[in-house]
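J.: Sharing a structure here in structure tokens format.
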Amino acid sequence: MPRKRKYTDITVGLAYPEIQKINEIMKIDGCNRSDIIRIALRQFLEAYGKEPQREYENILEARLRKLENRIATLSVLATRASAQALYYMTLPYSRGGFPSRPLKEEAFKSQWEKSRSFAAQFLKNASVIDAPEDREAETKTSSND
1 MPRKRKYTDI
11 TVGLAYPEIQ
21 KINEIMKIDG
31 CNRSDIIRIA
41 LRQFLEAYGK
51 EPQREYENIL
61 EARLRKLENR
71 IATLSVLATR
81 ASAQALYYMT
91 LPYSRGGFPS
101 RPLKEEAFKS
111 QWEKSRSFAA
121 QFLKNASVID
131 APEDREAETK
141 TSSND
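Here it is in structure tokens:
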């Protein structure tokens with residue numbers, strides 16, 4: 001009675017560098033080309049269609065989150081600096097002009113605190129403004145009522 005074969009023969013064309021790599025693996029592992037190709041194909045078929053490695057995605061997500069936080073912090077600092085600059089630029093018009101001599105330290109600290117509170121109020125007002133897509137969603141909801 002003839003033996004039933006476990007495998008079906010297929011012909012595969014490979015590039016020379018791939019053959020060289022397979023030959024190196026053959027020498028190291030002590031197996032033949034068919035075994036190496038069979039193992040590689042089996043691993044490919046098992047991984048095909050599955051989700052990518054979650055560990056790698058988690059690392060990327062963490063790095064993106066960190067980057068987003070840094071950008072948000074820089075944005076707030078830049079806005080605060082802009083608001084304080086705006087405060088100082090309007091001083092000549094609201095306080096009778098720039099001082100003719102340097103301010104005393106107490107006066108400077110007072111102006112600095114006023115500019116910081118102006119910047120804080122500016123940021124608070126800026127954060128109240130809705131994003132355009134939020135306004136569009138509200139408009140659609142209110143028009144449907």
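In terms of this note's numbering, the sequence shown has 82 at position 82, counting the first letter as 1, and numbering is strictly consecutive. Think of the CB as a built atom: it goes at the ideal place given N, C-alpha and C, for glycine as much as any other residue.
Determine the extent of the alpha helix (DSSP H) in which D35 is found, giving its start and end residues.
T.: Translated into positions along the sequence shown, residue 35 becomes position 35. R33 to A47 is the span of the alpha helix (DSSP H), which, as asked, contains D35.
J.: Can you tell me which of the three DSSP states D145 falls into?
T.: On the sequence shown, residue 145 is found 145 positions in, with the first residue counted as 1. Unreliable positioning characterises D145 in this predicted model, as indicated by a pLDDT of 46, which lies under 50. A coordinate reading is not provided.
J.: Mind checking which residues open and close the alpha helix (DSSP H) that includes Y16?
T.: Walking along the sequence shown from the start, residue 16 turns up at place 16. Y16 to D29 is the extent of the alpha helix (DSSP H) around Y16.
J.: Using the rule of at least 16 other Cβ atoms within 10 Å of the residue's Cβ for burial, across every protein chain shown, is A120 buried or exposed?
T.: Stepping through the sequence shown from its first residue, residue 120 is reached at position 120. So A120 counts as exposed.
J.: Measuring alpha carbon to alpha carbon, tell me which of T90, I59 and S34 ends up nearest T11.
T.: Residue mapping note: residue 11 aligns to position 11 of the sequence shown, counting from 1. Among T90, I59 and S34, the Cα nearest to that of T11 is on S34.
J.: With C-beta atoms as the reference, is I22 less than 8 Å away from I39?
T.: In the sequence shown, the residue the question calls residue 22 occupies position 22. In the sequence shown, the residue the question calls residue 39 occupies position 39. Cβ distance not < 8 Å, so I22 and I39 don't count as in contact.
J.: Determine the DSSP secondary structure at V12, reduced to helix, strand or coil.
T.: By one-based count along the sequence shown, residue 12 stands at place 12. Coil at V12, not helix or strand.
J.: Is Y88 helix, strand or coil when you go by DSSP?
T.: Along the sequence shown, one-based indexing puts residue 88 at 88. Of the three classes helix, strand and coil, the one that applies to Y88 here is helix, per DSSP.
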